[in-house]
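Undergrad: Everything in the sequence shown is counted per my numbering, starting at -1 for the first residue and increasing by one.
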Amino acid sequence: KKILIIHDSFFEEFYVSNKFLSQYYDPVLLHWSKFENMSKYDVKNLLKEYEFIIFESSIDTFFESRIFFLENK
-1 KKILIIHDSF
9 FEEFYVSNKF
19 LSQYYDPVLL
29 HWSKFENMSK
39 YDVKNLLKEY
49 EFIIFESSID
59 TFFESRIFFL
69 ENK
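Next comes the structure, spelled out in structure tokens:
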């Protein structure tokens, strides 16, 4: 199964080891800034490709704005 992890700049791979995830999933890491700059069309198509999507936000104050961003896509 494919899993997408959209993360911020504070994300450290050791939080979610790619080596560990690869045992169970086909993982892809995507930096939040790249996701944020995608068109609505591209976001919808991207999200359809994955069975699981994780939004990682190391700073709580950004989490709410990022969820609102996603709702508007």
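Ideal Cβ placement from N, Cα and C applies to all residues, glycine included.
Cβ of K(-1) within 9 Å of Cβ of E49?
TA: As a working mapping, residue -1 is identified with position 1 in the sequence shown. As a working mapping, residue 49 is identified with position 51 in the sequence shown. A contact, by the Cβ cut-off of 9 Å.
Undergrad: DSSP three-state call for V41: helix, strand or coil?
TA: The residue given as residue 41 occupies position 43 in the sequence shown. Helix.
Undergrad: Are there 16 or more other CB atoms within 10 angstroms of the CB of F33, so buried, or fewer, so exposed?
TA: As a first step, residue 33 is located in the sequence shown; it is residue number 35 there, counting from the start. The residue in question, F33, is buried, as its Cβ has 16 or more Cβ neighbours within 10 Å.
Undergrad: Using three-state DSSP, classify K46 as helix, strand or coil.
TA: Sequence index remark: in the sequence shown, residue 46 carries index 48 (1-based). Of the three classes helix, strand and coil, the one that applies to K46 here is helix, per DSSP.
Undergrad: For a test of the three-state rule: what should DSSP assign to K0, helix, strand or coil?
TA: To locate residue 0, count along the sequence shown from 1; it is residue 2. Strand, per DSSP.
Undergrad: Quick one: does the C-beta of E49 sit closer than 8 Å to a heavy atom of the ligand NAD?
TA: No copy of the ligand NAD occurs in the structure displayed, which carries no ligand at all.
Undergrad: Return the bridge partner residues of V26 from the DSSP annotation.
TA: To locate residue 26, count along the sequence shown from 1; it is residue 28. Bridge partners of V26: L2.
Undergrad: Determine the extent of the alpha helix (DSSP H) in which F18 is found, giving its start and end residues.
TA: Within the sequence shown, residue 18 is the residue found at index 20, counting from 1. Run containing F18: N16 to L19, per the alpha helix (DSSP H) assignment.
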